[in-house]
Amino acid sequence: FFSFLSAKLAPEPTCKAKVDVGFVLDSSGSLRNDYDKEKDFLKALAATFGVSDDGARAGVVTFSYYTEHSIKLNDHTSLDTFNEAVDNIKLMGSTTRIDKALRMTQKDMFSIPNGGRPGVNKVLIVLTDGSQTQDVGAEHPGIVAKELRDKGIRVISIGIGQGINTTELVHIAGGKENVFTAATFDDLISGDFLDKVTGFACNQAKYSPPEEIRQCDMEALDVVFGIDMSSRSTQHYPQMNGFLTQFADALSANTKYLNLGALKYGSEAVVTFPYQSKPAADAFSQMVGKLTTVDNGRAVDAALVKAYEAFFKPRHNENGKSAGGYLSADRINEIVSGGKVGLQKVLTRDGEEINRKRLFVLMVAGKHLDNGLDIIPVHAARLLYDLGIQIMVVAFDDVGDRVTSIARNQRDVFEMHKGDSMLKFMNEICNKFEIKQPQYSRNGPIDVAFLLDSSASMYEAYPLQAQIAQKIASQYQLSPNGTRASIVIYSNNAQIELLLKDGTSQEAFKQKVDNLPFLGLDTRLDRGLYLARLALFTKKYGARAKVPKILYIFIDGEQSTLENAALNAQAEELRKLGVQVMIMGVGGAVNRKELEAIAYPNEKVYYSASFHDLLNNEAMIQAMANRTFSNLGPSRIATISLGPSGSLVLPEGLNTNILPSELKRGPVADAVSQQIHLLLALLKSGMPADIITRYFSSQGSLPSLLQYHRQLTYILNKLSPSLKSYGKSFQSIQSCSSMAANSVLDRAFGKHEANKYLDLLTLARQNGGNTFVDLLWATGLAEDLVTSPADHTLIIPTDEVFKNLPENLQKKLRDTCYLRKVLRHHIVKGKVSLADSSTNKIITSFENKPIIFNNYKSKGMTLSGFALKDYDLQARKGLIHVYTSGILLPMTASMETYFKPSQGFQILSAALLDPYVEALLKTSTAITFFAPTDKAFESMSGAERTKLLSDSNSLLTLIKRHMVAQSVYSSFLSNGDMTEVMSLAGENLKLSKLKEGTFMVNDVMVKSPRDVTTGNGVVHTIDELL
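Numbering (this note's numbering), first residue to last: 844 to 1869.
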């Protein structure tokens, strides 16, 4: 064995290829006896390529439950030192988390800082003797591996032993041809097996795929070309013209919502093609063919400035709304200083808002020539970068550093004169702007609805149907973030019994399905389908945009009326929206032709002789669920509203066939009667009241209906003495007094209680929050608040807060994405009153980050340590709380994730590997942790630290000594005050605050950062152990 292996590890490589080779090395507990053989096999594979700086490079990621980047690609330049490093990799000896190893590989293995080389082929070899451990939160390794393969990395899977999952290895490698298996580790290092693997790996290393333009899916893209038309560049005109035409054609084929524009430049820049949406190819080609020389200059800065002024400059009308521009970082800065700005421009498609992506393509055929303007090209580029615009440089000759420095990374510079091609450029555009399609699995997210037959014929079988629905639901993992379930019952009418937002556990589903009301009339499946669609696509019911939608339909007969047109139209709408429909026809009375017309082409109607048989047919129930899992895909966005005719309008537009026949009868006597008739029909169809009200309001007919109601009430009140003789039928009318009716009407017209309070944003401005509200409008959040029917709580930083922000934070807030996160952290769903709140209460913001409420004797009410000036101020749709110093920032979600070795917590991070310590930091109650840095542990010797980390009891005691069972911010004390609190170890900690504001614990100074809010408490940093 050793003589064979020494030959295989000979220094002379047999595969002459310049390649970056990555190894993923299984270090789980099952390898305890064969780990050295696995590592010897890895070294033999590496010897095939050799290890050098200019030739092949090799790196290793090791994994078990945790992962480690054991060897980087640039760590070694010889096979001897590489082999020595492999020998020194220790066995981890835990579970098998292949997904974690592949994620680390994706992030670190082939990165440029770690030795990855652009343009060099990359091969990844995965070694394992088992299969993925199915822990909570584990990903399918095949999904991660596909992301690697999509980046051009060639993946090879090698499985050893009886514990492997061949299907999983195929998913990881992307095909059977890329998988090799050995029955034992002795077979692994046999000559035939090793030669077969090394030969295949060498071919992968030398593989050069044919170059072609990817067919990618880009949603909304604005592209502007800056074309070098200097007289010094004439020799490159033909090449540039061909590039322009070919690239514009490729963009049109790949982009749904495309705007194209162009300018030419010499010593000055001129617009040659104003923005056009999806321009005709010949129009752009004609422009390219008519391009003429500008002059003999080549001012790249002029091209950048003109692109800004003519195409991308933010423009806002007098109402503060966007008039074609975009939110810029400079304008955000202007707001902080007291300026105004409108909303960022978005594109609406199918009821969904999409941010447009923007790109400036700078075409250059020589070095920048200064035209006298005092702008360096890289500074001019900031005009675009600050707006979030990507810049890509296409060089047709040597352009020099002043031009290439415009690009933010080397991948954004394409040197056509050195062999780069338009194909490579287009593929990089795809990489930058392609819509990333989500991956779906049986774990969710999925929205599933059950449409249950509640007609008269179901009287005896109704409980059995409920049990079957429960069995099917048990095939899905119901949870708030996984699968949600809804229940709709139908007979003559339909009603939603369980909303998706409530159907997030098996217990909730069982509770509801066991207690369903029985309707017991005829069978109107069309109305059931209509309401099921609302259940699956109404946001306030818990529906989620774009997630897979599944509908299970139960029926024991057929549609009671000849409304087949409406029935088929309802089914067609479900099909258009991407809903998977599974139908269970039970008994001999079902109309098979009717059901098969409803079912999708790729679905199947399932039949059973009785509900009893179906309940006991486990195989059929399992087959139905598995079929839905194999066809998971995104649903479409549904905008549910009414058109002028009273028909339901969805993205594609629908006809009146989807409404009940009552809406299609002849004309009614007058307009008000017609509106009442339509109202009654819509209510009977099961349409929610809020949608009906919104429609009649949009049509302007709601006031006439309310006026008619007033008049009718007045008439009935006047006639009441003479109508009393008509008995009980009038008594119910009489009970509705005119006073009560007018009160209701006043509310409907907004003339009563609604005006008692100001709206949230006006109230915020009146309490010093002008800058905060301006920023809400600038980032689109104000519009969300104004249009939402729900209550919200706003935490308002006053204008003084923004004036006193440190410079580094002001700079950070110019990033619009970060600014939105901070603003969202000041918004809480619902009315959160502090008057009745207990201290240490944890509130979750819109940003899904914690805010901790306390009531300190010295400071009064505080939120995450910031003292409140006012609280519980009542607005029309919510509350506001106001503070005047510091600013709430969204921090880490949980305490145990806060500590990073790179931030001075290497020893504490190691301590967190102890399960008892980790559990302590995951407690759901509010705690305070005076966290010791690595410097704090310097008082202990290395041996003492090692012993501490291996002794759970001692370690836990030390950590508890630094913890308090309440949230204690530095604002807990006023300057000059002192108090004592009890640690979790049962010892008193002395807290004090010096006159100048220094916060102390046991005479140890609390350093920055302090008062860090986490999901379960507060973190302070100290450099000494308590």
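Just so it is clear, CB atoms sit at the ideal spot from N, CA and C, and this is done for glycine as well.
By the C-beta criterion, the stretch 1288-1295 is judged not to be in contact with the stretch 1266-1273, since fewer than 3 inter-stretch pairs fall below 8 Å. By the C-beta criterion, the stretch 1458-1476 is judged to be in contact with the stretch 1311-1325, since at least 3 inter-stretch pairs fall below 8 Å. Note that the C-beta distance between Gly1371 and Ala1337 is below 8 Å. By the criterion of at least three beta-carbon pairs nearer than 8 Å, the stretch 925-933 is not in contact with the stretch 952-962.
Straight-line measurement puts the Cα of Leu945 at about 30 Å from the Cα of Asp1777.
A distance below 8 Å between beta-carbons, with the five flanking residues on each side excluded, links Lys1019 to the following residues of its chain, in chain order: Val1013.
In the same chain as Glu1830, and ignoring 5 residues on each side of it, the C-beta atoms closer than 8 Å to its own belong to Arg1804, in chain order. DSSP places Tyr1108 in the strand class (E or B) of the three-state scheme. Contact between the stretch 1204-1212 and the stretch 1234-1252 is present, with at least three C-beta pairs closer than 8 Å.
DSSP, read as helix, strand or coil, puts Ser1810 in coil. Leu1711 is a Cβ neighbour of Tyr1726, given a cutoff of 8 Å. If you draw a 10 Å sphere on the C-beta of Gly1104, you find 16 or more other C-beta atoms in it, and that means buried.
Cα atoms of Ala1016 and Ala1025: separation of roughly 16 Å, rounded to the nearest angstrom.
By the C-beta density criterion, Arg1254 is exposed, having fewer than 16 other C-beta atoms within 10 angstroms.
Judged by their CB atoms, Val864 and Ile999 are not nearer to each other than the 8 Å cut-off. Here Arg1376 is buried: its Cβ has 16 or more other Cβ atoms, across all protein chains shown, within 10 Å.
For Ala1828, the closest alpha carbon among the candidates Leu1837, Ala1808, Ser1814 and Gly1840 is that of Ala1808.
Taken through DSSP and simplified to helix, strand or coil, Met1848 comes out as strand. Within the same chain, and ignoring the five residues on either side of Gly1729 in sequence, the residues whose Cβ sits closer than 6 Å to its Cβ are Phe1709. Cα atoms of Ala981 and Ser1284: separation of roughly 12 Å, rounded to the nearest angstrom. Cβ neighbours of Lys1684 within its own chain (closer than 6 Å, five residues either side excluded): Phe1696. In the structure shown, the three-state DSSP call for Ile1558 is helix. The beta strand (DSSP E) runs lying completely inside the stretch 848-886 and spanning 3 residues or more are 862-869, given in chain order. Non-local C-beta neighbours of Val987 in its own chain, meaning closer than 7 Å and more than five positions away in sequence, comprise Asp942, Leu945, Arg946 and Gln949, ordered along the chain. Restricting attention to alpha helix (DSSP H) runs no shorter than 4 residues, the stretch 1288-1374 encloses them at 1305-1316 and 1349-1356, ordered along the chain. Between Lys1836 and Asp1820, the C-beta gap is smaller than 8 Å, which places the two residues in contact. The shortest C-alpha to C-alpha distance from Leu1722 to any of Tyr1600, Ser1547 and Gln977 is the one to Tyr1600. Around the beta-carbon of Tyr1759, fewer than 16 other beta-carbon atoms lie within 10 Å, marking it exposed. The shortest CA-to-CA distance from Leu922 to any of Lys886, Tyr908 and Ser937 is the one to Lys886.
Listed in chain order, the non-local C-beta contacts of Glu1437 below 8 Å within the same chain comprise Glu1401, Gln1402, Asn1407 and Leu1410, local neighbours out to five positions each way being set aside. Sorting Arg1225, Ile1218, Ile1234 and Leu1212 by C-alpha distance to the C-alpha of Lys1200 places Ile1234 at the top. Three or more beta-carbon pairs drawn from the stretch 1141-1161 and the stretch 1219-1226 are found closer than 8 Å, and the two stretches are therefore classed as touching. Annotation for Arg1804: the continuous alpha helix (DSSP H) segment containing it runs Ser1795 to Arg1804. Put simply, the backbone Cα of Ala1328 is about 7 Å away from that of Phe1352. Contact annotation: Asp1030 and Phe1023 have beta-carbon atoms that are not nearer than 8 Å.
Only buried fits Gln1047, as 16 or more other CB atoms lie within 10 angstroms of its CB.
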